[in-house]
Amino acid sequence: MLHPDRLFDPDPTRRALARQLYESIKDLPIISPHGHVDPRLFADPNATFGDPVALFILPDHYVTRMLYSQGIPLEELSLPPLPAGEGPGVRSRSIWRIFCANFHLFRATPSGLWLRHELSEVFGIDELPSAANADRLYDQITEKLASPAFSPRALFERFNIEVLATTDAATDTLEHHQAIRASGWPGRVIPTFRPDGVVNLDTPNWKAKIERLSAVSGVNVVDYVSFLRALEQRREFFKSLGAVATDHAALTPATAEISRQEANRLFQRALRGQADAADAARFTAHMLMEMARMSIEDGLVMQLHPGSWRNHNRLVFERFGSDRGGDIPIQTEFTRNLLPLLNKYGNDPRLTLIVFTLDESTYSRELAPLAGHYPALKLGPPWWFHDSPNGIRRYFDQVMETAGLYNTVGFNDDTRAFCSIPARHDVWRRLAADWVAGLVARHLVDLDEAHDMMTELTIGLARRAYRL
Amino acid sequence: MLHPDRLFDPDPTRRALARQLYESIKDLPIISPHGHVDPRLFADPNATFGDPVALFILPDHYVTRMLYSQGIPLEELSLPPLPAGEGPGVRSRSIWRIFCANFHLFRATPSGLWLRHELSEVFGIDELPSAANADRLYDQITEKLASPAFSPRALFERFNIEVLATTDAATDTLEHHQAIRASGWPGRVIPTFRPDGVVNLDTPNWKAKIERLSAVSGVNVVDYVSFLRALEQRREFFKSLGAVATDHAALTPATAEISRQEANRLFQRALRGQADAADAARFTAHMLMEMARMSIEDGLVMQLHPGSWRNHNRLVFERFGSDRGGDIPIQTEFTRNLLPLLNKYGNDPRLTLIVFTLDESTYSRELAPLAGHYPALKLGPPWWFHDSPNGIRRYFDQVMETAGLYNTVGFNDDTRAFCSIPARHDVWRRLAADWVAGLVARHLVDLDEAHDMMTELTIGLARRAYRL
Amino acid sequence: MLHPDRLFDPDPTRRALARQLYESIKDLPIISPHGHVDPRLFADPNATFGDPVALFILPDHYVTRMLYSQGIPLEELSLPPLPAGEGPGVRSRSIWRIFCANFHLFRATPSGLWLRHELSEVFGIDELPSAANADRLYDQITEKLASPAFSPRALFERFNIEVLATTDAATDTLEHHQAIRASGWPGRVIPTFRPDGVVNLDTPNWKAKIERLSAVSGVNVVDYVSFLRALEQRREFFKSLGAVATDHAALTPATAEISRQEANRLFQRALRGQADAADAARFTAHMLMEMARMSIEDGLVMQLHPGSWRNHNRLVFERFGSDRGGDIPIQTEFTRNLLPLLNKYGNDPRLTLIVFTLDESTYSRELAPLAGHYPALKLGPPWWFHDSPNGIRRYFDQVMETAGLYNTVGFNDDTRAFCSIPARHDVWRRLAADWVAGLVARHLVDLDEAHDMMTELTIGLARRAYRL
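Chains as they are written, first to last, in our numbering: chain Y, 12 to 479; chain D, 12 to 479; chain B, 12 to 479.
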């Protein structure tokens, strides 16, 4: 099911080069500096993944959205709340059957590619799922998952993961990270500081989050100054548990500095429940400036992920919550929006700001020119929908000539689906090899340079950018 | 002139696969669910195409725009009104000579590709037009066109067209469609309901069109409620003559529901000749919602084609009318614009909304994520300028990974130029084969899957999406 | 270091065709109708390029921006003001060492490609710069630059340049162009009229420039009418020294005609130092209309380069001035913005308006459809960041099918770095050969057509579009 030359261009010259380049780096450890795996998996040495549905389907909105788009109701893809002590049983098997019977929907999609890789490499299954083999596959996988060799920690080691960063709210107490450290297990799982919930004034239940921020930080957050102090406290706390980076989502990458007085007025208005959408946008734009300042002071790398319209499908959101495939990208503008931040901090060598986009038209127009100029700015890898064979190809095509390879940061898997991590890194490594092979085949770089570029793309750029 | 491997990638592995995949589907019937051929051609069993200019040049603004862009006056490419009973004669031959002498302008364009295909496959001409052979080709083609084997009906059968949809105004009486049915000829030519002329309040002569709507529907349109009733009547009438779909053009894909009271106020203002541009935009956005509602009720598939700035060249429009090459695309935004419609109807399995774009930057950013989530939404094939070898390649590249093949609808030829239909479908089929061959050559799908995908791309997706 | 097949696709069929097509045109003369080389170089028969830093680094913001983006301070890449009579010496060598030690930063960038070409083809150096060979290369190049064979005029002849256009302010006296003519040297170096400094009311020191315009034109510029007269005088003066074109930069391509009265009001307001940003934008939009009118009258080809946000990095601008890599593209809109100009002048065969873009999303959406319709409009080659192997490939891919080859204008090198001219044209010619070879290999054009297209891409289109 997995051809050794998969994803390589069929031209024999280029393919031979790609194979050689890929071979030279394929066994390097996985650096995963940005992702969404649940740290709880590694806190308990006896944790398991449960069954195939809990592993492959429930946590993966790439999978459920595709099934939903073809008219399969989300009700049929969800587990109802179960009586205490009762396993998912029959219901889970029914979801698995739907998934297998519809496996053709994933043809030519990255999900299809990752799923094949996981089934084959992780579980030794070398047939495509179908209505006919659904039950047999279910049993095979379930049996494997019950064995110690398939515990999260065992797979972490088998996957050769050097470091795995999770993403955690500013208000998180990081108890699972603490448990991992306390357990003596050597796997490096580190948190990432994501303060969106308290920074974006229009987050649902914002005020409750601020109260929680007070509680966990020990700083009584009553105004803008105490809010900043609490954030600084949390950043230090995250650093103490290994964090190297922060992460910020925003509808747009707008940045703009306002006075501390005005920031406080907006904050107070929010505390009184009176902040409107314009207030929230203004405050977020300002807080991105503050976050850059704090990064310069404490050395945490800053990541910015703008441009996703969250929960576009209100009905699905109301019935099934977030992360069901209803987040849709919007046009994004960086040149004007990042101007204030870059003018204030973009020349400061202490800052590393890594920017991501869902709007590929910004690659060659805005982001590559910006990353190819400002010392503080680096361009993150292809994100979300664009973490795909063609998306990665377009990224190499549209970014590298202008930004320069060395102003990029290697790969992020950005996933909740732990078992897809090796698959995703493998796709990146293969496409990186194919890209560099194309440069060699067209005589733009020589083979020595090519090998050096491969090491950078696999581990060097990520280690340096994230200060690992 | 037509190489059997044309349009296939030159890599031998990929080409061999492409050839094999193409061979397996090339003789399948043509499904043409969206186009602009004049139904009159098939109503009269004795209709002919006239001469080469009437066939190849006059109805094809792709051809005239290119000649005009190079400084050839449109006067030299147009037939003046002729005295009754007099044929185009000398003047037509002069247009043909200009076309042949400038055939190099179509190098590497899709028009050039289609024209070569038509000349060779339909007329057996295997030399490129030039000043030297213009007269000879004119005579050859004219002679053929006069023979029964080149009548529209004969070519319809020779082209192996299973179904051909035309596009017709809401006020059209469909007399040609009725004549086709009455004639007993088995060719399936069906109308498509396009209500733009009455829905867009700023259409020239809108009020006269409303009066005509009253006349043909038998509903006296005096307010918004009677307007809706008249539209419903027309939809039923179109369905009775085989229609399966509606088609809607709008400058933007804005959708927004207003109250029936407000809709009526806007409608009344338009009846009094007082509606302004903002009123018209608001009404169109609302009517798209109403059209989706009616589609859910009557089962007609809804098509939306936004983003063309019509008649950009005022001078050409005033002297020569519409459809002379002066329609220019604009930036288009779907995520926000479709939100109201998708939130109200996007989860309803009874609706099929097929969206097209002239702004390719929306493929990977907006349309593929939307189509890969909402059950009601499908993504139409590359449209207009993008119905070209590179345009089709970009579509496969940028759409399929995220939308999934099964959320697309196969091909539309969208043409007024009847004889170009087989050429256009052949280009699509060849590029589909080349795309799928690339997936097989890179080991992303296997050959069984590939054959299944080819059948879908050729007939399956179109038949299901358009409920044919 | 320079493989004879570089930049050609590795597929053997396509590569053999590309090689054959490239061979047939590679020795044709260089037409350089748009660039920024300093004419002073050719005015003095004894001019030299100085040292490798003065040649390769100081005038090339593509090079300095990349070094700066990786944290190398611009101070370390700049020459301080030197005492009279003292050469750059030690400081220059230190800059060269930094450049060589960081040569890997240019991997897979167009700068890297051009630099390799220059080192090898112009200076006979066939090793990549590195920390180890920096001093040796410095000495080798310096020695060569001192010899008469490496004088600007000698290289101009060796490069086989048929015509080289510079870019000159409206207020320039063109003394170097006059000196070149007076010297009897046969090299054709011609000025290009660029009036941005006086047309854009918000240019720094605008009023001083207007005074200078009065002085050089002999027209006392006191109002809008005398301003137009002065511009007409300068255009005539430029023409008398061989100019064939004008060049215009603007933040957006907005065009709009205002009354002469209103134009005069804006102009008077600017003379009093009271014009604001909106006034300046309005006046620029109007002046683009006036420039088109003057082009129709005097026959100068009009070039428009919108969409660059100049001096985005304020700190760098204040310390080091313009052209240090801090110009960043913005989204650009042409369909609506060019409407007024194209409606008034776009059908006039006397006008040639060549439009460039930094926003590649406009290629297939706006510019190709516009250029494929309006007789006056042509599409310029890929500009700035997009003058790169992938940028050129995307241009061919996204422009040609809709615009048609004959509505494009060949290549511009657009460079300040004189020695990179052959490298840049060579990249274009190779990629043109590779593109056309791809068309032949996929049987879209035959070999005769291919050869004809190559000649057009190399010299024909440029000569005709620029009326050379």
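All C-beta atoms, glycine included, are put in the ideal place defined by N, C-alpha and C.
Task: Chain-ordered neighbours of Val456 (chain B) on chain D, where CB pairs are closer than 9 Å - done: Arg118, Ala119 and Gly123
- [ ] Mind the definition here: the region 421 to 428 of chain B touches the region 399 to 417 of chain Y only if three or more C-beta pairs lie below 8 Å; say whether that holds.
- [x] no
Open item on the list: Suppose you measure from the CA of Ala119 (chain D) to the CA of Leu455 (chain B); what does that come to, to the nearest Å?
Closed with: 7 Å
Open item on the list: I need the DSSP call for Ile470 (chain D), collapsed to helix, strand or coil.
Closed with: helix
- [ ] Look up Ile83 (chain Y) in the DSSP assignment and say whether it is helix, strand or coil.
- [x] coil
TODO: Say whether chain Y places a C-beta atom closer than 8 Å to the C-beta of Asn171 (chain B).
DONE: no
TODO: Determine whether the Cβ of Pro393 (chain B) lies closer than 8 Å to any Cβ atom of chain D.
DONE: no
- [ ] Would you list the one or two residues that DSSP bridges to Arg223 (chain Y)?
- [x] Arg223 (chain Y) is not bridged to any residue.
- [ ] With a 10 Å radius around its C-beta and 16 neighbouring C-beta atoms as the bar for buried, classify Ala165 (chain B) as buried or exposed.
- [x] exposed
- [ ] Could you work out which residue in D:Thr184, D:Pro202, D:Gly402 and D:Ala434 is closest to Ser228 (chain D) when comparing CA atoms only?
- [x] Among D:Thr184, D:Pro202, D:Gly402 and D:Ala434, the Cα nearest to that of Ser228 (chain D) is on D:Thr184.
- [ ] Could you pull the start and end residues of the alpha helix (DSSP H) that Gln272 (chain Y) belongs to?
- [x] It spans Arg271 to Leu282 - the alpha helix (DSSP H) in which Gln272 (chain Y) sits, taken as one unbroken run.
Task: Selected residue, minimal CA-CA separation from Thr182 (chain D), among D:Ala387, D:Pro56, D:Gly402 and D:Phe249 - done: Checked all of D:Ala387, D:Pro56, D:Gly402 and D:Phe249; the closest Cα to Thr182 (chain D) is D:Phe249.
- [ ] Output yes or no for whether 8 Å exceeds the beta carbon distance between Thr343 (chain D) and Thr368 (chain D).
- [x] yes
Open item on the list: Quick check on Val200 (chain D): does DSSP put it in helix, strand or coil?
Closed with: If DSSP states are grouped into helix, strand and coil, Val200 (chain D) belongs with the strands.
Open item on the list: Taking DSSP's pairing of strands, which residues face Thr257 (chain Y) in a bridge?
Closed with: Y:Phe204 and Y:Met313
Open item on the list: Can you list, in chain order, the residues of its chain with a C-beta nearer than 8 Å to that of Leu378 (chain D)? Leave out the 5 residues immediately preceding and following it.
Closed with: Result list for Leu378 (chain D): Phe345, Val366, Thr368, Leu390, Val410 and Ala414, in chain order.
TODO: Determine the chain B residues that contact His14 (chain D) at a beta-carbon separation under 8 Å, and present them in chain order.
DONE: His454
- [ ] Report yes or no: is there a C-beta of chain Y within less than 8 Å of the C-beta of Arg435 (chain B)?
- [x] no
- [ ] Identify which residue in D:Thr75, D:Leu13 and D:Gly61 has its Cα closest to the Cα of His384 (chain B).
- [x] D:Thr75
Open item on the list: If we define contact as Cβ-Cβ less than 8 Å, is Gly402 (chain Y) a contact residue for chain B?
Closed with: no
Open item on the list: So if I threshold CB-CB distances at 9 Å, which residues from the region 310 to 338 of chain D count as touching chain B?
Closed with: Gly318, Trp320, His323, Asn324, Arg325, Leu326, Val327, Arg335, Gly336, Gly337 and Asp338
Open item on the list: Mapping the DSSP letters down to three states, classify Ser141 (chain B) as helix, strand or coil.
Closed with: Three-state result, Ser141 (chain B): coil.
Open item on the list: Could you check whether the Cβ of Glu460 (chain B) sits closer than 8 Å to any Cβ belonging to chain D?
Closed with: yes
TODO: Would you identify the three-state DSSP class for Thr419 (chain B), choosing helix, strand or coil?
DONE: strand
- [ ] Report the partner residues of Leu390 (chain D) according to the DSSP bridge assignment.
- [x] Per DSSP, the beta-bridge partners of Leu390 (chain D) are D:Val366 and D:Thr419.
TODO: Give me the Cα-Cα distance between Leu239 (chain D) and Val210 (chain D), rounded to the nearest whole angstrom.
DONE: 10 Å
Open item on the list: Comparing C-alpha positions only, which one of B:Thr363, B:Ser372, B:Asp334 and B:Ala296 sits nearest to Asn348 (chain B)?
Closed with: B:Ala296
Open item on the list: Let me confirm a value: Gln272 (chain B) is counted as buried when at least 16 other C-beta atoms fall within 10 Å, else exposed. Which label applies?
Closed with: So Gln272 (chain B) ends up on the exposed side.
Task: Chain-ordered neighbours of Ile341 (chain D) on chain B, where CB pairs are closer than 9 Å - done: Glu344, Thr346, Arg347, Arg376 and Glu377
- [ ] Would you tell me roughly how many angstroms separate the C-alpha atoms of Asn113 (chain D) and Ala142 (chain D), rounded to the nearest one?
- [x] 8 Å
TODO: Please determine, among Y:Pro215, Y:Met313 and Y:Arg199, the residue with the shortest C-alpha to C-alpha distance to Pro40 (chain Y).
DONE: Y:Arg199
- [ ] Please name the residue in Y:Ile201, Y:Ala274 and Y:Thr266 whose C-alpha comes closest to that of Ser237 (chain Y).
- [x] Y:Ala274
TODO: Using a threshold of 8 Å, state whether the C-beta atoms of Ser80 (chain B) and Pro386 (chain Y) are closer than that.
DONE: yes
Open item on the list: Please report whether the beta-carbon of Pro161 (chain B) lies at a distance below 8 Å from any beta-carbon of chain Y.
Closed with: This sequence places Phe at residue 161 (chain B); Pro is not what is there. Judged by the 8 Å Cβ criterion, Phe161 (chain B) is not in contact with chain Y.
TODO: For Leu18 (chain D), return the contacting residues in chain B, with the cut-off set at a CB-CB distance below 8 Å.
DONE: Those within 8 Å of Leu18 (chain D) in chain B are Arg453, His454 and Leu455.
Task: C-beta atoms of Arg245 (chain D) and Met305 (chain D) nearer than 8 Å - done: Going by C-beta atoms, Arg245 (chain D) is not nearer than 8 Å to Met305 (chain D).
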